[in-house]
Amino acid sequence: MSIWGKFAGAVVGAYLGGPLGAIAGTVAGHYAFDRELDKEVAFTIALIALSAKMAKADGIVSPVEVDAFYRICRVPEGEQRNVARVYKLAQEDIAGFEAYARQVAEIFADRPKVCEDVLDALFYIAYADGTLNHAEEIFLRRVAENFTLNKADFTRIHARHNPDVFDPFAVLGIEPEASFDVVRSAWLNASRENHPDQLQARGVPVEILHLANDRMAIINSAWEMIRKEQFNKDV
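Mapping the sequence shown onto my numbering, position 193 (from 1) lands on 190, and the numbers just tick up by one.
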């Protein structure tokens, strides 16, 4: 069954609880807590809710950012109504976005890289209009803090999306004076962690894995640029 079939029918064997579960329950018709929840459903609900909150971060809900969300999730026509309901409920919910972010961190405590995947998707949406405004940056930094990501993690993920400056060292999370072996090791590690198979294994829905291909292209571009320009190596 696709993630959207699980989402709409709540046939996941367990439900979220907390502020995310309250929102999901209005669609699924259930509201209970079980730690053995379906990770793909949890990821999807988290992304919808935080995307909705971010869209209002600067007080303006941008159609461009809403469209970017739908491009990420590739919601089939038959499920758009359910997703739209969750999106709207999250925007209207009095619970702050930090409560959502904390619950995501708790749900994926055993898979912390998933929090990076969520933040990466949020950056994609934030930059949909070509810029990252101050309110959005503050929002993303607070989300990262609640995910217990450090400043280096935030900078590395941000670097993959900044259209103004492509910093290959920031993309790989290394210093400009790093040795060739350190650069190569960082590239190999980033390639392993961001391979589509790895994302799927840690709970990212198949429908969203296309983002991994874009991410891998950026990581490989960073490696190629450093390898050729910094070390003059062609192989």
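We treat Cβ as the ideally placed atom computed from N, Cα and C, and that holds for glycine.
Taking residue i as the reference, which of the options has the closest Cα?
| i | options | result |
| --- | --- | --- |
| residue 127 | 44, 161 and 227 | 161 |
| residue 76 | 55, 107, 41 and 103 | 41 |
| residue 180 | 143, 215, 193 and 223 | 223 |
| residue 214 | 178, 226, 197 and 191 | 191 |
| residue 69 | 225, 123, 189 and 167 | 123 |
| residue 212 | 169, 174 and 177 | 169 |
| residue 142 | 178, 101 and 172 | 101 |
| residue 54 | 135, 44 and 73 | 135 |
| residue 145 | 109, 52 and 218 | 109 |
What is the residue span of the alpha helix (DSSP H) that residue i lies within?
| i | result |
| --- | --- |
| residue 185 | 177 to 190 |
| residue 99 | 94 to 104 |
| residue 165 | 165 to 169 |
| residue 129 | No alpha helix (DSSP H) holds residue 129; DSSP gives it neither H nor E. |
| residue 53 | Looking at the DSSP string, residue 53 is not in any alpha helix (DSSP H), and its letter there is neither H nor E. |
Under a three-way DSSP split, which group does residue i fall into?
| i | result |
| --- | --- |
| residue 223 | helix |
| residue 73 | coil |
| residue 146 | coil |
| residue 37 | helix |
| residue 193 | helix |
| residue 79 | helix |
| residue 204 | helix |
| residue 120 | helix |
| residue 217 | helix |
| residue 139 | helix |
| residue 210 | helix |
| residue 155 | helix |
| residue 162 | coil |
| residue 17 | helix |
| residue 90 | coil |
| residue 172 | coil |
| residue 64 | helix |
| residue 58 | coil |
Going by other Cβ atoms of all chains shown within 10 Å of its Cβ, with 16 needed for buried, is residue i buried or exposed?
| i | result |
| --- | --- |
| residue 210 | exposed |
| residue 200 | buried |
| residue 189 | exposed |
| residue 37 | buried |
| residue 107 | exposed |
| residue 205 | buried |
| residue 178 | exposed |
| residue 225 | exposed |
| residue 61 | exposed |
| residue 71 | exposed |
| residue 203 | exposed |
| residue 228 | exposed |
| residue 185 | exposed |
| residue 12 | Bear in mind that the predicted position of residue 12 carries a pLDDT of just 47, short of 50, making it unreliable; the figure below should be weighed with that in mind. Buried: at least 16 other Cβ atoms inside 10 Å. |
Just to confirm before moving on: does the CB-CB distance between residue i and residue j stay below 8 Å?
| i | j | result |
| --- | --- | --- |
| residue 103 | residue 150 | no |
| residue 137 | residue 120 | yes |
| residue 47 | residue 115 | yes |
| residue 132 | residue 65 | no |
| residue 171 | residue 156 | no |
| residue 118 | residue 208 | yes |
| residue 45 | residue 84 | yes |
| residue 97 | residue 50 | yes |
| residue 152 | residue 175 | no |
| residue 216 | residue 187 | yes |
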